[in-house]
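In the order they appear, the protein sequences are chains A, B, C, D and E. Just so you know, we're using my numbering here: the first sequence kicks off at 941 and counts up by one. Just so you know, we're using my numbering here: the second sequence kicks off at 9 and counts up by one. Just so you know, we're using my numbering here: the third sequence kicks off at 344 and counts up by one. Just so you know, we're using my numbering here: the fourth sequence kicks off at 8 and counts up by one. Just so you know, we're using my numbering here: the fifth sequence kicks off at 80 and counts up by one. Everything on this sheet refers to the single structure shown next.
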Amino acid sequence: MSKPLLEMQNVSVTFPSGAGRVAVVDEISFSLDEGEVLALVGESGCGKTMAALALMRLIPKPGRAEKTSRITFDGKDVMAASVDDMRALRGYDLSMIFQDPMTCLNPVVRVGDQVVEAIRLHESVSYGAARKRTIELFERVGIPDAEQRFSTYPHLLSGGLKQRVMISMAVATKPRLLIADEPTTALDVTVQAQILELLRELQRDLGTTILLITHDFAVVNELADRVAVMYAGKMVEKGTRYELLKMPRHPYTEGLLGAIPHAAQRGHELNEIEGVVPPPALWPAGCRFTNRCPKAFEPCEGTLPPRIETSGTGVAWCHALAKASGR
Amino acid sequence: NNPYPNEGGETRVFYSSFAEAPRTLDPAVAYTTSAHVITANVFDTLLEYHYLKRPYELIPALAENVPEPREMADGRVSLLFRLRDGVSFQRDRAFELNGEGIDTRIVTAQDFAFQIARLADPAVNSPVFENFASITGLRAFRTLLSERRSGDTDFAALRADQQYMALGGVPGVLVNGDNELEIILDQPNPQILYWFAMPFTTPVPWEAVAYYDGNEGRDRFADHPVGTGPYALTVYDKQFRFVLERNALWYGAQSEHRDAPGAAFPALSDISDEDIASGRIEPAYAGRALPFLERIEFRRERESIPRFNKLLQGYYDDGGVIKESFDAVVENDDLSPEMAELGMRLDKVVEPGVYYIGFNMDDDVVGRAAGDRSRKLRQAMSLVVDVGQYLEIFLNGRGVPAHSPLPPGLFGYDPDYRNPYRSVDVDRARSLLAEAGYPGGIDLETNAPLKLTFDTGDTSAQGRLRYQFFVSAWRTLGIDVEIAATNYNKFQEKVRSGAYQIFFWGWIADYPDPENFLFLLESASARSATEGPNTANFMDARYDELFAAMENRANDTRRIEIIRELTGILETERPWIELFHPEAYTLRHSWLLNAKPMGLSYPVFKYRDIDPDLRAERRLAWNKPLMWPLYAFILFIVAATLPAIRTLYRERT
Amino acid sequence: MFAYLVRRIAYGFVTVLGVLMLLFVLFFAIADPDDIARKAVGERASAEVYEQWKKNHGYDKPLIVNTDHGAAEFARYTDTLFFDHYRRMLTFDFGRSDADDSPIAGRILAGAVPSLSLTVPLFVIGLGVGVFFALLVAFFRDTYVDRSVLVLCMLAMSIASLIYIIGGQYLIGMLLRWFPISGFDPDPTVAYRFLALPVLIGVVSGFGADVRLYRTVFLEETNRDYVRTARAKGCGDIRVMTAHVLRNALIPILTNVVLAIPFLFTGALLLESFFGIPGLGSLTVEAIHGNDFSTLRTMVYIGALLFILGQILTDVSYTLADPRVRLR
Amino acid sequence: MPWISNIAVLVLVALGFLGWRTIRRNRLWSEALRALWRRRRISLVIIAVYVVIALLDSIAWVGGTVSGDVSDAVAAFKPRSIIDRIIAPEAFKELSYSAPFAEAGFYDDAPLNHPGAHVLGTDILGQDVLYRALKGVRVALLIGGLTSLIVIPIALAFGVAAGYFGGRIDDVVFFVMSTLASVPSLLLLIALIMVLGIGTVQVCVALGVTGWVGFCRLSRGETLKLREADYVQAARALGVSHAGIILRHILPNLAHLIVITFALQFTGLVLAETILSYLGIGLDGSWGQMIDQARDELSRDPIVWWNLAAASCALFTLVLCVNLCADAMRDILDPRTRREEQ
Amino acid sequence: MNKHDTLLLRTEGLSTWFPIRRGLLRKTVGHVRAADGVNIKIRRGETLALVGESGCGKTTVGKTILRLVEATSGRAFYDDVDLMALEPGAFHDYRRRLQIIMQDPASSLDPRMTVRDSIGEGLRAFGMVSDDEDLTRQVAELMQLVSLDSDTMHRYPHEFSGGQRQRICIARALAPEPELIVCDEAVSALDVSIQAQILNLLERLQAERNLTYLFITHDLGVVRYFADRVAVMYLGRIVEDGPAERIFSEPRHPYTRALLASAPSIDPEHRGVEPAALGDVPSPARPPSGCHYHPRCPVRLGRCDRDVPPEVNFADGMSRCFLSEEQES
Ligand SMILES: Nc1ncnc2c1ncn2[C@@H]1O[C@H](COP(=O)(O)OP(=O)(O)OP(=O)(O)O)[C@@H](O)[C@H]1O
Ligand SMILES: Nc1ncnc2c1ncn2[C@@H]1O[C@H](COP(=O)(O)OP(=O)(O)OP(=O)(O)O)[C@@H](O)[C@H]1O
Ligand SMILES: [Mg+2]
Ligand SMILES: [Mg+2]
């Protein structure tokens, strides 16, 4: 393969707080090849959404992506693109499914029109044509009575249907990169299964590259090719799905996987991670996981953990691993 | 910025303003200046005042003569009016009551009689009934009318004029044919002639009264005057504007009456040099047929500031000088140079009126019950009110300090008379107060401070200041006067029940006779006894006796003596603290001609004229809009938004 | 929807009955009709006139129970001021003014046009200006534009309206001479000259509160998730503001706006009296000065009626603006 | 009746002290107050000055002499407030207008009794404008503050009861409320004052009747919401009585709204008073009356501006400060901004 | 499993219908049958998981038992006393024994009350404290019990993280020493790592105090780990119940099967859940006729859209399906 479709390097997102700006996403890097599904996992508040928004250049106001960040999409420098270029890119090559379908649709615009808008912003097609395409899309994503649903309002749709509308809006222009921010979190399990199936199909049929954001390892397992784990704004581990789920290397990933209750653990105490994620302003200076890490030892606190290649495809950032691997 | 965009200034239209619409235009009831502005022009009267002569002189109008009172055998007096021929009412649909297509009618003596009967009609509720009560049988007519009405439903259902007819009319009003009206008075009443120069006795068509009953979408007669005057009221929108338009049927416009005294401008010989010199009267108009103005427009102007400003811009032709801008207009009691430059003229005239502070003589503390004690208290209080200062502060000196109820220009007014209690003398007041038993404001009997109340129905902020002025004057004596400002209803209620002590009031004369002032203090008109205008409830036997002797007396030296004696009583008794006689300042533009102020009567528009061309020219010159601030403002806005646009621009690239 | 409307109107009607009760207590029980009559006919009027006046103005009956009628008679309760008050108000028979006997209904009809011709432009322009500035401020939020407009609004809100009027008349009417100082003309081709100044002043004096309110609304909306969605679709700033934010912000703005509608009719008290506009506000002021209880009573009643109507309209307009609100 | 106002002052001061203590005890509120102090120091100081002036003007007693050479029985027998005693308006006056710091009268150029001493000039009666402006403080605070202090508890009681218990109580309260609310408030105010007559008590009653609705509606609506809140349900599950829930959950969670609404209503009332004054039904000695008087003074030549300026500035400053504080308070007490701060 | 032998709570046909009002007189035209004839049994010391999709009425059942919403019909026997029939005063006693942990820890704490007051509220209401100091002491104990620092008791809820807030809620529920706690999605709003902490805590408390849980959740992983018995709910009705192991290994109702099949696994060896149910969850206001599940059911029969399937009791639980009926016979 030649160049990756998307390359994020040293991306930082900062928000002003009491004392200066706090990086809620701190110099993370990853890349995505054409047609690949990368899952970005981590607990709530660790900066997954912000990383994705940085790519869309949609970080909400007081926050901003730092100058050091380099984002290249299909060879274009996203950080340096003009507002108009960016607008052309958004929704056309780059689209995003947002976390909460309940609030992400405009409540006073008919759902069909919202999709039509997405199409007509980028392609000069007539309303009728766009409408036809929208209805096809609706059928494609499994919205029953697509024709009728075209002109209903979001509040009349169930969560699953709203999510389908969001998805059809996102894929309407056959984007090259689809960012799916927790696409199934708000949904019931049975519906979640349907949506996962749908995403899989789309990816297969259209060859879309997907950046999947989630905190649910089960969803990761279902969809992803590769996984990147974040903790408190930092990347802690990357690897293929199998590697990561089967043999996590970083103590945090290990802890997370261990904390997920399943039948096997019945009767045993769950493997909990002590403590909680501190708020961004109180993130430790060295390894951010230090204060909760069972394997923490003294260099963890002050110095940034080194990058350790755990396998051909995996990397982790951890002092303990470094020590174990003898470095 | 022209407020009359639809009309050029070139027509002979007079522009004036009104603050509040009159409550009624029924000539039998309308008694306010604001109503008279209209009624005096819509209704002709039997007699009128000469436009230019001062002291005022009566001239015949609808009557062909000013009648000489004729003493009859039984001591009663007869007044015989010969009426002008062929005077007709203005066109009005009320006359259709007489038959299809008829919209006017010749005036007959019966129309006068009808109106006089209306004055007596309790249902009309005329405020001047008492003033006509000397007409033989008027009082009896009133009682009879009201008895028949309550007793006899068939009678009550009749039209008013039919009711009067059925009772045989007022006995003292005799209609001899169409053209003669004879009024019989029970006793001599020389002043009554003045009342015939007021719209109260104008001819009123019964048709108008019957037709305009306020039902089925018809106006009420009170809002729809139908008269014979030089102007007719064509628009009467109380909220917005009134329009008087020339009445083509006015008697002065008919050839046979063209030379009637009320139909032509006074002769050159009647125009005083002073009037000419001051530019008030244009001698060229002498003897010309009236009226000159086509139309008179009144616009509603509730607030005085906008009104005055529009006057300055030339959009009103005359206007009173409001207190607020007095200093801009008047300098050293004359027109300020700025105003003079605009060509404005200032007219000053002392109005026949008086403002005073009255004591309720029925009150236990300030009234007669406390005898000498209260007299001294009143004297002391009178001694500290500095009316000069009051005039200076509140009226810019527009007024003449009063020493007695009689205003200047009236028979019996003595310019040299100085009321000893009406010049400020605090020391004397203090000692009087002490003599009264209130040294330093402390009541010796109770050892508590004396507390008085100043009652008023004026709750406005401005009003309050005026009262405050007097209160602080009395305070220098140590007298604690509290202002009880209630709404007008409550105040009236207080007056009705006699629960008041001190009040502030004014009186503007109906006609230029001392009787019209001095009767305000006779027992017969005491408020508590007869609901009369003597709100001070002053009752003094000697005064009443003298007043009776003076009342109907011709103006001779004896009358002067009696008047002196009357004012002498008031001087020591002090039921009033006479304050001042108001002085009206009118400002008018150079294009307004022949506007001689009539302190007493009402603006008579038929004498006035406008120079429309001059007005148009001046208005144009004075009202060039100043545009640069607009441009400056726009520039500022643009300058202020520039950085924002720059930020935006920067953000986009 | 229909059922909702009917119910809403029925409730409105009940409220109207309540308002009438309030008016009855105020104007008949607390303010004594005898007083009013006394005041109107004057001190010296005969008993006949006085009774006649009370009769003409409908003040001649007992308050609640008419003992002239037998205990069992229905008229005992219907031949009363209370009943009359309800009957007349509900049939829009407002009677005559206490001050000058003119029919109130006619005066209100006559005053409605000038009032509307002042308040409608005032309202529309005020709304336009308010929304425009609020959009602008929301767009430039957290910049100096936002802050300075905010400060301006605060200042504007803290100044008494009387001062705006006096100042505005003096500055624009007298010094700059752009418009007539005061006056009115029913002819619409020239009325604009007279209305320009009061409208300008009205807009300026209402500007502060409006912009601040709308700004909050807009800021609230711009922070919503769907705005982000729209941006992610590739909408430009202007499209986001107009096609998405404005439509949603319309709903809270509507409440504010529709509730202002009755004031369109009852007029702007101060503006009308200072600018000599013969509208209902002016009428009200006059009623206050003239102790004209019946006119004031009618104005209060009409104000309340319109207010209730406005509320119903608000609720209905909600459905039009916001598909989420389903009227049931 | 000086004792009424003296007692009122005592009660107010006591209430203020109690309130202060409760706030000090409650961390949320004392923090909010501290935040307010941090952000709006100037405004708070100014408001405090106004309050102090009003209180000083409310404490009055009989006796003592008037400074200057005026031997005034009236003054000696009338209760005079502390402000009256400091300024002694009986002695400290001129004939008529004089400009700020003027040495001579405005019209006649006659030398003044107190040349240069009238910082804000004198009004038409020669009264010191500063003195009048200071007297206006009490009226303004009375209009906005005292009325609300009396009305709020009543409105709260009805609103909370209606919202919490619903049913018949709610129907009745809601009906009364919507009836009152459907009369445009200025008109209602005017009608009430016209009918009740003019006077401090009447105006306060009228303001109370019209102001009641706003608070009542607010507290009812909010209570309806709170009643369903999870934590209220949790409290019910914990067996807390209705009174306990209202006292410990509903009222504290309404408090911030009430405070903000109070502040906004306060400014609204103070501004509305100017309109009432214009209509001739305002309160004695209010700034509204001063402004109304100044209507006439503006077109004098030279212009008499100090009266209007003094009243407007006094009014403007108060309204602005209260508004600013209300605004800041809204931010501070808004749970959303609060959460983000953490 | 003899620790679960006494029946603590048994509901019989418990229904809670929320009226839908419409029209001129706000007439009730229908009902949201949030709980419709729910029969559940919980033994002392046991954990019953109530699972089902969002909006199916789980919370309603929980709240109805605690009488936070009033039941429309049905009975709930607690130690053989019908809770639903008790006078409010008499029920007050039972409030102490029945507690709830609400769905959302953030909104179930009064933002203007210190943690101490929140936790102590129940103690006060049930008269379990003598004075202020006693309260402080007891609250401190409770906080230690749920592993919270008792020094923080004077803080306000917003100063705590989500997991800590949930602990506070648990402490509050524990305060009156209840026997049964309704845990309404007690862990759903939390991150996995915190979820594990809370689950461990609940487990520990159950062991220490012999608590009984009605554990409401939609997370099958949690259920599998935590519950003794499971009741599956669909649109207001219990469609299946039984011991947890049996439900997972051998689900009888097609809905249960779909639910289990839809849950993705984290085992990298197993990938690719197949959606086993069709379409969306219908609204409880307009539930489908007959068996509520029939429009989504892959194995529906002809009569499913007409007749309501009966409760079919098995030795190890119940299933509400015509197919189960056949199975049984
Ligand atoms: N507007 C903002 N101001 C300040 N901080 C913010 C803002 N928005 C987000 N943050 C901070 O940024 C951090 C990362 O947020 P982000 O939304 O990317 O998390 P996430 O990983 O997507 O979490 P979740 O799973 O809850 O969606 C959070 O800790 C949050 O505190
Ligand atoms: N007070 C209420 N009034 C009317 N309907 C209600 C009320 N409470 C709940 N409902 C309805 O009852 C149904 C069941 O609600 P409930 O909260 O019990 O569901 P749930 O299973 O707990 O869902 P979730 O998993 O989302 O918490 C829902 O459709 C809800 O809309
Ligand atoms: Mg996120
Ligand atoms: Mg729930």
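All residues carry an ideal CB built from backbone N, CA and C; glycine is no exception.
- Sequence-ordered contacts of the stretch 151-166 of chain D with chain B are nonexistent [C-beta pairs closer than 9 Å].
- Here Lys85(D) is actually not in contact with Gly133(D); their C-beta atoms are around 20 Å apart, not less than 8 Å.
- Only residues of its own chain outside the window of five on either side were considered, and among them Val1051, Gln1054, Pro1094, Lys1102, Val1105 and Met1106 have a CB closer than 8 Å to the CB of Leu1045(A), listed in chain order.
- For the pair of segments examined, the stretch 283-295 of chain E was found to touch the stretch 116-136 of chain E: the number of CB pairs separated by less than 8 Å reaches three.
- Taking the beta carbon of His632(C) as reference, the chain D residues within 9 Å of it are Leu286 and Gly287, listed in sequence order.
- Distances from the CB of His110(E) to the heavy atoms of ligand 2 are all 7 Å or more.
- The set of residues with a C-beta under 7 Å from any non-hydrogen atom of ligand 3 comprises Lys988(A), Thr989(A), Gln1039(A), Asp1121(A), Glu1122(A) and Ile1153(A), given in chain order.
- Annotation: the continuous beta strand (DSSP E) that includes Pro322(E) extends over Arg316 to Pro322.
- Here Met80(B) is exposed, its C-beta having fewer than 16 other C-beta atoms within 10 Å.
- Two segments are said to touch when three or more pairs of C-beta atoms, one from each, lie closer than 8 Å; by this definition the stretch 1139-1157 of chain A touches the stretch 1110-1118 of chain A.
- Contacts between Val392(C) and chain B, judged by CB atoms closer than 8 Å, involve Pro130, Ala131 and Asn133 in chain order.
- If you check the C-beta of Gly982(A) against ligand 1, you find a heavy atom less than 7 Å away.
- In this structure, Ala113(E) has its beta carbon less than 7 Å from a heavy atom of ligand 2.
- The closest CA to that of Pro1188(A), considering only Ala342(E), Asp346(E) and Asp320(E), is found on Asp346(E).
- The beta-carbon separation of Phe525(B) and Ala534(B), rounded to 16 Å, does not stay under the 8 Å limit for a contact.
- Note on geometry: alpha-carbon atoms of Leu498(C) and Phe26(B) lie some 36 Å from one another.
- Flagged as an interface residue toward chain B: Asp303(D), by a C-beta distance shorter than 8 Å.
- Across the structure, Ser439(B) and Lys246(B) are spaced so that their CA atoms are roughly 54 Å apart.
- For the C-beta of Thr598(C), not a single chain A residue is nearer than 7 Å; the gap to the nearest is close to 15 Å.
- As the crow flies, the alpha-carbon of Ser390(B) is around 15 Å from that of Gly576(B).
- The three-state reading of DSSP puts His121(D) in coil, since its state is none of H, G, I, E or B.
- In the DSSP assignment, Phe89(B) forms a beta bridge with Leu189(B).
- Under the Cβ criterion (8 Å, minimum of three pairs), the stretch 56-64 of chain D does not count as touching the stretch 104-117 of chain D.
- In the displayed model, Lys1001(A) falls within coil according to three-state DSSP, outside both helix and strand.
- For Gln182(E), the CB falls within less than 7 Å of some heavy atom of ligand 2.
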